[in-house]
Amino acid sequence: MEDIKSNSLNKPEEKSNKDKTAKAKFTGEGDILTRATVGDARIYVARTTRLVRKLSLRHNLSHLATAALGRTVTGALLLAATMKNEEGVGIKVTGDGPIQGITGEAQGGIARGYVGNPDVYLPPKNGHLDVGGAVGNGTISVTRYTAGAKPFTGTAELVDGEIADDLTRYLYTSEQTPSSVGLGVLVDETGDVQAAGGWFIQALPNCSEETLEQLDKNVRHTPYVSSLIDMGFTPERIIQMLGIDMEVEILDSYPLHFGCRCSRELVEGVLETLPKKELKQLAEDEKTEITCPYCNAKYEFSQEEMQHLAQKAKK
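So for the sequence shown, full-length UniProt numbering puts the first residue at 1; every next one is plus one.
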C-alpha cells in the first residue's frame with residue numbers, strides 16, 4: 001500500500017488518491033537509475049525496490065517506516081543523479097511526528113539512511129500509509145556535497161510530510177527550479193517491499209512554457225511510480241510515458257545499491273572526539289558497543305581499548 005507524486009512542475013498540490021491501470025507491461029531486474037532529456041527538461045527515474053527492501057530488513061522497519069525511509073532515500077538518489085559521481089546529496093526531514101525524523105544520503109548510485117523510530121505505526125489514511133502523519137510538521141533540508149567546495153544546505157517548510165511534495169517545494173523555493181517529484185514504496189501485508197522507486201523532472205534554464213505545460217499534463221496522466229514498477233515497467237519506459245508527445249533522448253543508466261562508509265576506524269575516530277570524562281565513564285563497562293545509525297552495523301570496544309582512549313584524551 002502507498003504511493004505519492006507531486007502533480008506540478010511549479011507548486012506542490014494536494015495528491016490524488018486515484019490510481020490508474022497501465023496498458024503494457026515491461027520487465028527488468030535490479031535497481032537502476034536512468035537519465036534522459038525531454039525537450040528543455042531532464043527526467044531521472046529510479047527503481048529502488050531491492051535497496052529499500054534491504055534498508056527495511058537491516059533496520060527492522062515497520063511498514064510505515066519502510067515507506068518513509070524508502071521515499072527519502074530514493075529522493076536522495078534522484079537529486080544525486082544531477083551531480084558528479086564523487087559528489088553527494090543528503091536529505092534530512094525533521095518533524096514533530098512519531099517517526100522522529102528521517103535521514104537519507106546518496107553518492108552516485110550508493111545510498112543509505114535511517115529513521116528515528118523504526119517501529120512507528122499509524123493507521124492508513126485514505127488507503128495509503130500515513131507518512132505525513134508520521135513526519136508531522138517541520139522542515140526538509142537538502143545538503144549538496146560538491147567537490148572542492150563547502151557543503152551547501154537549504155531548508156524549506158514541509159508541505160505535507162509525504163516527501164515528494166516537500167522536495168518539490170524545496171526545489172522551487174530554495175533552488176528556484178521548477179520540478180516535479182514522484183516517489184513510491186509498495187509494501188505488502190507482511191511488510192515485504194513489492195516495488196519502490198521515483199522520478200524527478202527538472203526544468204533546464206530557459207525552459208519553455210510549452211515544455212512545462214506538456215510535462216505537467218503528462219505527470220497528471222501517469223500512474224503512480226510504484227504501481228508501474230510493480231507491473232514491471234523499466235525506468236526507461238516510465239521516462240517514455242512522462243515524455244509522451246515530446247522528443248525523448250535517453251542519456252545513460254547506472255545501477256543502484258545500498259552501501260555505508262562506516263568502519264571501525266571511523267567509529268574509533270568519533271570516540272576520540274569525546275571528552276575524557278565521558279570516555280572514562282564508558283571505560284567502566286566491560287565492553288562498549290557502538291551502532292552505526294545508517295546501516296545498523298555494530299562495533300565493539302573492550303574495556304582496555306576504552307581505557308586507552310580515555311588516557312589519550314586531552315580534556
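Idealized CB from N, CA, C, for every residue including glycine.
{"Item": "What residue range is occupied by the uninterrupted alpha helix (DSSP H) comprising tyrosine 170?", "Value": "164-173"}
{"Item": "Classify serine 179 as helix, strand or coil using the three-state DSSP reduction.", "Value": "strand"}
{"Item": "Taking only runs that begin and end inside the region 190-268, name each unbroken beta strand (DSSP E) of 3 or more residues, in chain order.", "Value": "193-203 and 248-255"}
{"Item": "Quick check on glutamate 305: does DSSP put it in helix, strand or coil?", "Value": "helix"}
{"Item": "Going by DSSP, which residues form a beta bridge with valine 185?", "Value": "Ala196"}
{"Item": "Do leucine 77 and alanine 46 have their C-beta atoms within less than 8 Å of each other?", "Value": "yes"}
{"Item": "Give the DSSP-derived three-state secondary structure of valine 120 in the structure shown.", "Value": "coil"}
{"Item": "Buried or exposed: where does asparagine 126 fall if 16 or more other Cβ atoms within 10 Å of its Cβ makes it buried?", "Value": "exposed"}
{"Item": "Tell me the residue span of the beta strand (DSSP E) that contains glutamate 289.", "Value": "287-291"}
{"Item": "Leaving out five residues on either side along the sequence, give the residues of the same chain with a beta carbon under 6 Å from the beta carbon of lysine 312.", "Value": "none"}
{"Item": "Does the region 63-74 touch the region 263-283, meaning 3 or more C-beta pairs lie closer than 8 Å?", "Value": "no"}
{"Item": "Who are the Cβ neighbours of asparagine 117 in its own chain at under 8 Å, not counting the five residues just before and after it?", "Value": "Ala65, Pro98, Ile99 and Gln100"}
{"Item": "Would you call proline 255 buried or exposed, if buried means 16 or more other Cβ atoms sit within 10 Å of its Cβ?", "Value": "exposed"}
{"Item": "Under three-state DSSP, which class holds glutamate 105?", "Value": "strand"}
{"Item": "When we look at the beta-carbon of lysine 84 and count the other beta-carbons within 10 Å, is it buried (16 or more) or exposed?", "Value": "exposed"}
{"Item": "With a threshold of 6 Å on Cβ separation, who are the neighbours of leucine 251 within its own chain once the five nearest residues in sequence on each side are excluded?", "Value": "Arg35 and Ala36"}
{"Item": "Compute the Euclidean distance between the alpha carbons of asparagine 206 and serine 226, then round it to the nearest angstrom.", "Value": "31 Å"}
{"Item": "Have a look at valine 187 and alanine 195 and give me their C-alpha separation to the nearest angstrom.", "Value": "7 Å"}
{"Item": "With distances taken Cα to Cα, identify the nearest neighbour of lysine 298 among Asp31, Arg53, Arg58 and Ile43.", "Value": "Arg58"}
{"Item": "For the alpha helix (DSSP H) containing threonine 34, name the first residue and the last one.", "Value": "Careful: threonine 34 lies outside any alpha helix (DSSP H), inside the beta strand (DSSP E) at 32-38."}
{"Item": "Could you spell out where the beta strand (DSSP E) holding serine 141 opens and where it closes?", "Value": "138-145"}
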